[in-house]
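Presented below is the structure to which this report refers.
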Amino acid sequence: MIFTPSPGRDGLRLVAIRFYFITLLAMLVQVPAAFGQTAVWNGGGSTNNWSDTGNWVSNAPASSGTTALQFGGTVRLGAVNDLTAFTAQGITFNNGAGAFTLSGNAITLGGDILNSSSSLQTIQLNMSLNAARNLTAGTGGLTISGAISGAFGLTKTGAGTLTLSGQNSFTGAFNAGGSGLVIASHNEAFGSTAGGVVVSSGAAVQLNGVTITGETITLNGSGTSDNSGALRVAGLDGTWAGSVVLGSGTGSGTTGGARLGSTGAGDLTISGNITGSGFDLVIRSSNSATGEIILSGANSYRETYLVVGNLTLGADNTLPTTRSLTMGNSGNQGDVQLNLNGFDQEITTLSTISQAGGALPIMDQTITNLDNDNQSILTINNTGSSNLGTTTTNGSLNGNVALVKSGAGTLTLSGISTSNYRGTTSINAGAIVITKNTGLGAVTAGTIVASGAALLLQNDITVGAEALTISGTGISSNGALRNESGANTWGGTITLAANAEIQVDATSSLVVDVASGSAITGEFNLSIDARGNLTIADAIATGTGTLTKNGAGILTLSGAGANTYTGLTTVNVGTLILSKTEGVNAVAGALTLTGNSVLQLGQSDQIANTSELTMATGNVFRLNGSSETIVGLSGSGIVENEGGGTSTLTVQFTGTSTLTYSGTLRDGDGAGDDGVLAFTKAGSSVNGIQILSGTNTYSGLTTISGGVLRVTNDSALGSTVGATLVTAGSLDLSGGRTITGETITINGPGISNNGALRSSVSGVNTWTGTVNIGSNSTRIGAINGSTLYISGLLTSNGSDFDIAIRNDNNANSKVVLANAGNSFRNTNIIVGTLAIAEGDNRLPTGTLLSLGNTSGAEYATFDLNGFNQQVAGIEEVDTSTQANRMDKTITNSSSTRATFTVQNATNNSFGLLAVNSPKVGALITGNLNLAKSGIGTLTLGKANTYTGTTRITQGTLALSGAGAFDNSTWLDIAGGALSVTARTGGAYIFAPASGSVPVSGSGSVIGNFTLGGSAVLRPGTSSDGEDVLTAGDGFGKLTFQNNLTLQDGASTLAPRAIFTLHAATGQTDDFFSLPEASLLDGTFGNHDALDVTGTLTLDAGSILKVLLDDDYVPSGGDVFNLLDWGVLDDDANNDTTRFTLADLYLDEAILGPGFSWNTDYFLEHGILIVAPEPSRGMLLLLAAMAVMGTRRRKPLA
């Protein structure tokens, strides 16, 4: 094509085209000069010099030339550059080339260096860079020992190893690329620090005994194919004293990240700062390497992975404190160790990787401090899960290390191997889990768990004598010490630094067993959440601290050391087993059961005798064949013995309060292996009361050896098989109880002297079983207005013991005896009322009844209550001063009259002691009959007010002082005597105010006796001593050994004396003459008569009435000696007051036809004679003779 330019613009275009063409041509002409020539070495010359052209195939290089060099063959491998100012347009070692060593003059490197052979190529030449160059190392490797200079950088490529051993000064960057290794064998191998070093993924830099100072290295990837580090050492130590940057494109985790490593015994020290906040650092030495990776900079990368090898700290916190540390690998490719080296380190998360199943040998994962002089503190501040060691690795923490756990996460200390770190373990937050015996290292420094943190145990471990200090309730209130799984043992003392909790999870168990000393100390409260089983085998010594048991599992307190804490022990749920050595306290303070909890004994005497037990509904206290003593029992629940044998629960009350137990005491649940439960109330407390208010079924003995046991349920004392024994103290019945069939043996005076068996607090409390009196002067009583009603047998069981009644001063308090077979010695009513019921003689008839006490307090009463009672004597007991003496009363409160018989063989007195008004002293009163029998004398000293009869059948009833029975409705001196000589004035005027009150009998009256009022003298026996209508219905002589006065005021309907005639004293032949002396004095027939030894005073109006017995058949000459006296005072000189025959009432003594009474000698001799009926004249004569012949009768000598 022909180009034809156009004028104008086309011409300009033509000029331009020509200019570009000429320029391109010039450039083409210059190409050969710019690229130089290629010289190929064949070693054919005679020398090793480069200037020997025989060594080159063609284009031998020339001084100041620019030739590209190629070395091949295997001849003259020691090529020497003897050229000057030479620029090599690249150096290539051809495939198959031998191991060349290039030396000689320095060159300018105008191209790249390439080793394509499998031989190591060495360049000793100093080289100056005129541009950035590539150093390509083939499989044979490339060593450059000459100095490299220039303002440009280098890039290493290829799969071979590049060794830089010269003192380089190039200022550009060094890029370690390709897939091979760059070995720095000189401190300045990478030139000046300005350019830095960049290691690409797949490449690695190895320091050989050098220190790279001030240089920044950027690491990408894990190094060469052995993954032993993008920056590494081998047999020699190396130090990187510049910055290390984890470059972009780096992966994460054990399979990614920028790696540091050692492949031999060399240590790699990174003293510069490692940065790269978005990237991880991986330490991965070769499996057999022993060298360490030492970090001492202020590093700020992301996570740290110690995959294989040894990582050592050179300063505090050289690992990022807000990042994690992961140790190990899953392929068992070598051990890992972090040496804290005397420095402190904090990290967020610590993780160790589990070993692949079945891989052997077991991999070590170790954190240690090999500096014995300087302790390191390792702080794990994690919020998630952390672990050191696994169940398939030898994870351990060793050396002079203190461990601090902070953060809300969990740190698991596991591994197969032993941990022996010697510092304190501080769990400030979150939890530490240990799954091996030595999880907490050596036991020298101990472990501290702060409030809100926790120590967790797993995996059937046994921890040695590790001292543990805990505070708080742990995480989510699951325990500051938590047994999470397995059957674990803790061998160190646990100290409470604050109120704290221990938890044992369900299906797990924990034993706290120290070699010596206490298991738990500290002056704080301990809460135990035993959902599984916890055994504390040594002492709990927490001072006044409390112990609270939660959780459905079992807490066992065992061992030989006594628990000394005195705070409250509370069991809210689950089981508390007390199994220390017998007699050693497992619980020293109060004990409370709530919820559905169980308290069980493993040995006897586990609870302090001063401890009070409080139970709730659903609780069970299982003695399990052992026995226990506590200070008090309250609440509800069940006490039982399911362990076989006999268990005794002793309540040793010492307080002043009242405790009520409304639960059940039983032998067992009936499901088998039930033993026998016995119950003992002990203690010396006077005011404290133990109450049993539940329905109990236990069959063992109930013993009261001190204090008060009160029962408010009819079955409170269990079954009747076991019986009850009171050796001291009191059994107290309350609330209207009826105790049926229970046998009780009682001893002593009881609490407050109110009885070993007593009634209290309301109602009638009944005992139907046998009451055995076990010792002399044993007391029974009633207080607070209640009644003790004993319908069972009260007996001293063959022994000669007394019974004493001692109530309080409440007038309504009463003891009632209702059994006919009661057998004991004497009855002492010390204070209060004793009554009988349901029949006569509820006191033994041989008992001496005494009333009163030595202090003179309150009052004493015996109440017949409508029934008869015979006693062997009565007496009052009162040694106090007159002002303080008490009232003693024998009475019958019933409307049914009863007889009180005193059959005393020895002398008794009642009422002789003076008292101050308004007290009346010892008195017999009420609706009763008084009967005196027995040969002894009974002396009454007070004006008795009883309204029944007074009957003397034997011995003497004596009145002393003001002694009287003015209200008695019948005085029957059937035998024995009535003595009034000791009364004030030596006389007694018996003058009832109303009714017809007979005075009968054939006994005697001693002392001056006056009958007046409504009294009627009826000598002779009575057919029924209990029926006043039979008074004197028999015949007999009543003797008055002193004076007798029959007062006026009588009438024929109510005479002063009545004489019944049955048979004559004797016969006389002279009906109208004075009979012989034998019929006049001291001779009495079968008829009523009075024999007055002293003066017989007959007042006018003291009517003497004579009656005939229905069986009497009159006979002339019958003489009846009705009256005999020493002196007769009939007031004969006073016509107004003298006794006359008009006062002798014979109208009802009708002899029948043919007979009449001769009364001529009655006023002188007290005799009546039956005479044949006389004529009227004879009667007038006889009357006149009688008047004229009246004279005073003298007793015959």
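So the sequence shown is numbered by the working numbering: it starts at 1 and just counts up by one.
From the three backbone atoms N, C-alpha and C, an ideal C-beta is built for every residue, glycine too.
From a predicted model like this one, the values you see are computed outputs, not experimental measurements.
Sorted by chain position, which residues of the same chain lie with C-beta nearer than 6 Å to residue i's C-beta, five sequence neighbours on each side aside?
| i | result |
| --- | --- |
| residue 26 | Note that residue 26 scores a pLDDT of 36, beneath 50, so its modelled location is shaky and nothing firm can be said. |
| residue 834 | 805, 815, 862 |
| residue 1189 | In this predicted model, residue 1189 has a pLDDT of only 43, less than 50, meaning its place in the structure is not dependable; the value taken from the coordinates is given anyway. Answer for residue 1189: no residue qualifies. |
| residue 684 | 706 |
| residue 561 | 538, 539 |
| residue 926 | 891, 892, 946 |
| residue 595 | 572, 573 |
Which residues bound the alpha helix (DSSP H) around residue i?
| i | result |
| --- | --- |
| residue 1164 | 1162-1165 |
Are there 16 or more other CB atoms within 10 angstroms of the CB of residue i, so buried, or fewer, so exposed?
| i | result |
| --- | --- |
| residue 214 | exposed |
| residue 1176 | Low per-residue confidence applies at residue 1176: pLDDT is 41, beneath 50, and the placement is therefore not dependable enough to give any value. |
| residue 640 | buried |
| residue 1153 | exposed |
| residue 732 | buried |
| residue 687 | exposed |
| residue 444 | exposed |
| residue 1124 | buried |
| residue 1196 | Any reading at residue 1196 needs caution, since the residue's pLDDT is 30, under 50, leaving its predicted position unreliable; the model's value is listed next. Label assigned to residue 1196: exposed. |
| residue 1005 | buried |
| residue 374 | exposed |
Could you check whether residue j and residue i sit closer than 8 Å to each other, using their CB atoms as the reference points?
| i | j | result |
| --- | --- | --- |
| residue 1014 | residue 999 | no |
| residue 662 | residue 631 | no |
| residue 678 | residue 647 | yes |
| residue 1019 | residue 1129 | no |
| residue 240 | residue 207 | yes |
| residue 129 | residue 152 | yes |
| residue 368 | residue 340 | yes |
| residue 40 | residue 56 | yes |
| residue 953 | residue 931 | yes |
| residue 107 | residue 137 | no |
Quick one, which of the options has its alpha-carbon nearest residue i's?
| i | options | result |
| --- | --- | --- |
| residue 1097 | 1059, 1064, 1047 | 1047 |
| residue 946 | 333, 1019, 864, 913 | 864 |
| residue 944 | 102, 924, 301, 928 | 924 |
| residue 1173 | 702, 1117, 1137, 1138 | 1117 |
| residue 1167 | 1099, 1091, 224 | 1091 |
| residue 740 | 779, 1011, 315, 770 | 770 |
| residue 782 | 750, 776, 797 | 750 |
| residue 691 | 713, 675, 700, 698 | 713 |
| residue 592 | 154, 432, 567, 49 | 567 |
| residue 1054 | 573, 1012, 1024 | 1012 |
| residue 143 | 105, 177, 185 | 185 |
| residue 494 | 549, 1111, 511, 147 | 511 |
| residue 1212 | 420, 344, 470, 504 | With the chain covering only 1 through 1197, there is no way to say anything about residue 1212. |
| residue 462 | 696, 483, 66, 1073 | 483 |
Where does the unbroken beta strand (DSSP E) through residue i begin, and where does it stop?
| i | result |
| --- | --- |
| residue 367 | 364-368 |
| residue 127 | 127-129 |
| residue 952 | 949-952 |
| residue 1206 | Since the first residue shown for the chain is 1 and the last is 1197, residue 1206 is missing from the structure and cannot be characterised. |
| residue 495 | 494-504 |
| residue 981 | 977-983 |
| residue 302 | That residue, residue 302, is in no beta strand (DSSP E); it is neither H nor E in DSSP. |
| residue 144 | 142-144 |
| residue 615 | 612-615 |
Does the distance between the C-beta of residue i and the nearest non-hydrogen atom of the ligand COA fall short of 7 Å?
| i | result |
| --- | --- |
| residue 210 | Looking for the ligand COA in the displayed structure turns up nothing, as the structure carries no ligands at all. |
Beta-carbon within less than 7 Å of residue i's beta-carbon, same chain only, minus the 5 sequence neighbours each way: which residues are those?
| i | result |
| --- | --- |
| residue 774 | 745, 746, 747 |
| residue 668 | 640, 641, 642, 674, 675 |
| residue 317 | 344, 345, 346 |
Answer with yes or no whether the minimum CB distance from residue i to chain B is below 8 Å.
| i | result |
| --- | --- |
| residue 1021 | Chain labels in this structure do not include chain B; a single protein chain is all it has. |
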